[in-house]
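Novice:
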Amino acid sequence: MTEDLIDRLTSDLRPARKGVVGRRLALALAAGLAVSLVGVLLSLGPRADYPQALLSRMFWMKLAYAGAFATVGVFCVERLARPAGAAGSRLRWLAAPLIGIAVAAALQMVGKPAAQVHRLVMGDSAMVCPWVIAATSAPLLIALIWAVRGLAPTRLRLAGALMGLTAGGFGALIYCLHCPEAGAPFVAIWYSLGILIPCAIGALAGPRLLRW
Amino acid sequence: METSDGELKVLMIAALDGDGGAYRALLGDLRLRLAAYFGRRLRRDPDDVEDLVQDTLIAIHTRRGTYDRGQALTPWVYAIARYKLIDHYRRGGRRVFVPLEDAGELRVPDHGAAVGARRDVERALATLPERTRALLRDLKIDELSVAETAARAGMSEGAVKVAAHRGLRALIDRFAAPGRSHD
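Top to bottom, those sequences are chains A and B.
Each residue of the first sequence is one higher than the last, beginning at 36 in the working numbering.
Each residue of the second sequence is one higher than the last, beginning at 31 in the working numbering.
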């Protein structure tokens, strides 16, 4: 029985394609990004102050913050999509954006009167921002789930969480194109929350949706 | 002497590049390792061991693109084996579809043991006189009070207690010395 199986598996063996994991993840991210981008630009539109916005430090800081989660997340998922893939050493890099935004937020708030601090924290869109980021990340999370199901994750909950984090990071990155907020404390709280939502969804859905 | 991870890895890389002979040698070796791995963990259902070995070999084959040539091979293989084992437990003999993470919250009632115990009790009860059997059934299985049992049997409460006590003693003796029971 097992002998026959080995015969079947080993006869007519062709070279395996290289870079399957990377290619599949890249494909999923490209598809997810395209859908999210079109969605944000059509439903919300780009921010109104475009030429000047590119000169503001906060614009780039938001991009960096979201991009850091997206990047670290992709590298972790690349590991977790493989059997025995350990993401621990890569996960540690998540500390970088967290520390960075905390420092930036503290610098903005220190010595400011309470009314200004309140403004820096709440901005104009605090109650919308996390939900819009979560919605923007949805196509990315769906695409990633498709990609990783075809690979071989063995720690499904962790893989799902990191896929959610990746999707959240990219979702926030796209949302930056619309969002005019300029407070680092705002980003530290509401962007983080928006990224955490898909992360939690991924952790909850991973064990069910990632089985192979 | 067992083949080392390094040797297996060489076979794997050759197999990934299309070398069927190396692949055959690799799967032949892994097959034995997997049989040992599952055998140790599934002593109670050895029939499933061969199924799991085959499932794992198929998974190794179809997902071989996820092997990272920079990493050791055996951890990759055993991670797949472990995944298949958990999957087997999950959909296993008892057909309980519970994700492993939630298993702690749900206890599967052990019907096998309960049914077995019930059968043993019935068999032991059968060795008692009809009257005592009815008393014990009322008192211990249907959990009636002594007064109710006495009323049903038309006996005094004292007589019920004495008869029940004797019956229980006899039952305990049966279980202590099963050779004397009549089967």
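C-beta atoms are modelled at their ideal positions from N, C-alpha and C, and glycine is treated no differently.
A quick note: this is a predicted structure, and the numbers were derived from the prediction, not measured.
1) Is there a C-beta anywhere in chain A that falls below 8 Å from the one on TYR53/B?
2) Can you pull the chain B residues whose beta carbon is under 9 Å from the beta carbon of MET198/A, in chain order?
3) Classify TYR4/B as helix, strand or coil using the three-state DSSP reduction.
4) Just to confirm, are GLU173/B and THR37/A a CB contact at a threshold of 8 Å?
5) Alpha carbon to alpha carbon, what distance is there between ARG184/A and LEU244/A?
6) Anyone know if the C-beta pair for VAL9/B and ALA65/B falls short of 8 Å?
7) Three or more C-beta pairs closer than 8 Å, one from the segment 106-125 of chain A and one from the segment 199-206 of chain A: is that the case here?
8) Quick one: does ARG63/B have its CB under 8 Å from some CB of chain A?
9) Are the C-beta atoms of THR45/A and some chain B residue less than 8 Å apart?
10) Is LEU56/B helix, strand or coil by DSSP?
11) Ignore the nearest five residues each way along the sequence and tell me which others in ARG82/A's own chain have a CB closer than 8 Å to its CB.
12) Look at the Cβ atom of PRO165/A, then the Cβ atom of GLY102/A, and state whether they are nearer than 8 Å.
13) Please list, in chain order, the residues of the segment 174-193 of chain A that have any C-beta partner in chain B closer than 8 Å.
14) Could you tell me whether any Cβ in chain A is nearer than 8 Å to the Cβ of LEU38/B?
15) Which residues of chain B have a Cβ atom closer than 9 Å to the Cβ of VAL262/A, listed in chain order?
16) For a contact defined as C-beta to C-beta under 7 Å, what are the partners of ALA119/A on chain B?
17) Could you round the C-beta distance between LEU197/A and VAL56/A to whole angstroms and report it? I think they count as a contact, below 8 Å.
18) Could you tell me whether the Cβ atoms of LEU191/A and GLY241/A are closer together than 8 Å?
19) Count the other CB atoms, across all protein chains shown, that sit within 10 Å of the CB of THR92/B; report buried if there are 16 or more and exposed otherwise.
20) Rounded to a whole number of angstroms, what is the C-alpha to C-alpha distance between ASP168/B and ALA194/B?
21) Taking just the CA atoms, how far does LEU115/A sit from ASP132/B?
22) Does any C-beta atom of chain A lie closer than 8 Å to the C-beta of LEU87/B?
23) Closer than 7 Å by beta-carbon distance: list the chain A residues that pair up with LEU57/B, in chain order.
24) With TYR108/B as the anchor, note down where its alpha helix (DSSP H) starts and where it stops.
25) Using beta carbons (cut-off 8 Å, strictly below), is GLY69/B in contact with chain E?
26) When you compare the CB of MET93/A with every CB in chain B, is at least one pair closer than 8 Å?
27) With distance defined between alpha-carbon atoms, name the residue in ILE41/A, MET162/A, ALA63/A and TYR100/A nearest to ARG54/B.
28) Under the three-state reduction of DSSP, which class applies to PRO86/A: helix, strand or coil?
29) In or out: GLN151/A buried (at least 16 other Cβ within 10 Å) or exposed?
Specialist: The relevant details are as follows:
1) Walking along the second sequence from the start, residue 53/B turns up at place 23. Closer than 8 Å: yes.
2) The residue labelled residue 198/A in the question sits at position 163 within the first sequence. Under the 9 Å cutoff, chain B gives no residues; its nearest Cβ is about 15 Å from MET198/A.
3) The first residue shown for chain B is 31 and the last is 213, placing residue 4/B beyond what the model contains.
4) By one-based count along the second sequence, residue 173/B stands at place 143. By one-based count along the first sequence, residue 37/A stands at place 2. Not a contact, by the Cβ cut-off of 8 Å.
5) As a working mapping, residue 244/A is identified with position 209 in the first sequence. As a working mapping, residue 184/A is identified with position 149 in the first sequence. Going from the Cα of LEU244/A to the Cα of ARG184/A covers about 8 Å.
6) Given a span of 31 to 213 for chain B in the structure shown, any question on residue 9/B remains unanswerable.
7) yes
8) In the second sequence, counting from the first residue as 1, residue 63/B sits at position 33. Chain A, which has no Cβ nearer than 8 Å to the Cβ of ARG63/B, makes this no.
9) Taking the first residue of the first sequence as position 1, residue 45/A is located at position 10. At least one chain B Cβ lies under 8 Å of THR45/A.
10) Reading the second sequence from its first residue, position 26 is the one you call residue 56/B. In this structure, LEU56/B counts as helix in the three-state DSSP scheme.
11) Stepping through the first sequence from its first residue, residue 82/A is reached at position 47. Closer than 8 Å at Cβ, skipping near neighbours: ALA88, LEU212, HIS213, CYS214 and PRO215.
12) Along the first sequence, one-based indexing puts residue 165/A at 130. Along the first sequence, one-based indexing puts residue 102/A at 67. No, the Cβ-Cβ distance between PRO165/A and GLY102/A is not below 8 Å.
13) LEU186, ALA187, THR189 and ARG192
14) Here residue 38/B refers to the residue found at position 8 of the second sequence. Closer than 8 Å: no.
15) This structure cannot speak to residue 262/A, because chain A is shown only from 36 to 247.
16) Residue 119/A sits at position 84 when you count from the first residue of the first sequence. Correct list: PRO105, TRP106 and ALA109.
17) Your numbering for residue 197/A matches position 162 in the first sequence. Your numbering for residue 56/A matches position 21 in the first sequence. So it is not a contact: roughly 14 Å between Cβ atoms.
18) Position 156 of the first sequence, counted from the first residue, corresponds to residue 191/A. Position 206 of the first sequence, counted from the first residue, corresponds to residue 241/A. Yes.
19) Counting from 1 along the second sequence, the entry for residue 92/B is found at position 62. Exposed, since its Cβ has fewer than 16 Cβ neighbours within 10 Å.
20) For the purposes of this step, residue 168/B is taken as the residue at position 138 of the second sequence. For the purposes of this step, residue 194/B is taken as the residue at position 164 of the second sequence. Distance between the alpha carbons of ASP168/B and ALA194/B: 10 Å.
21) Mapped onto the second sequence, residue 132/B falls at position 102. Mapped onto the first sequence, residue 115/A falls at position 80. In this prediction, ASP132/B scores a pLDDT of 47, lower than 50, which makes its location untrustworthy; the coordinate-derived value is nonetheless stated afterwards. Looking at the two C-alpha atoms, the distance is approximately 21 Å.
22) Working through the second sequence from its first residue, we reach residue 87/B at position 57. Yes, its Cβ sits closer than 8 Å to a Cβ of chain A.
23) For the purposes of this step, residue 57/B is identified with residue 27 of the second sequence, where counting begins at 1. The contacting residues are ILE41, LEU44 and THR45.
24) For the purposes of this step, residue 108/B is identified with residue 78 of the second sequence, where counting begins at 1. 103-120 is the extent of the alpha helix (DSSP H) around TYR108/B.
25) In the displayed structure, chain E is absent; the protein chains listed are A and B.
26) As a first step, residue 93/A must be located in the first sequence, where it is residue number 58. No, its Cβ sits nowhere closer than 8 Å to a Cβ of chain B.
27) For the purposes of this step, residue 54/B is identified with residue 24 of the second sequence, where counting begins at 1. Nearest of ILE41/A, MET162/A, ALA63/A and TYR100/A to ARG54/B, Cα basis: ILE41/A.
28) Indexing the first sequence from 1 puts residue 86/A at position 51. If DSSP states are grouped into helix, strand and coil, PRO86/A belongs with the helices.
29) The count along the first sequence starts at 1 and reaches residue 151/A at position 116. Per the 10 Å Cβ criterion, exposed.
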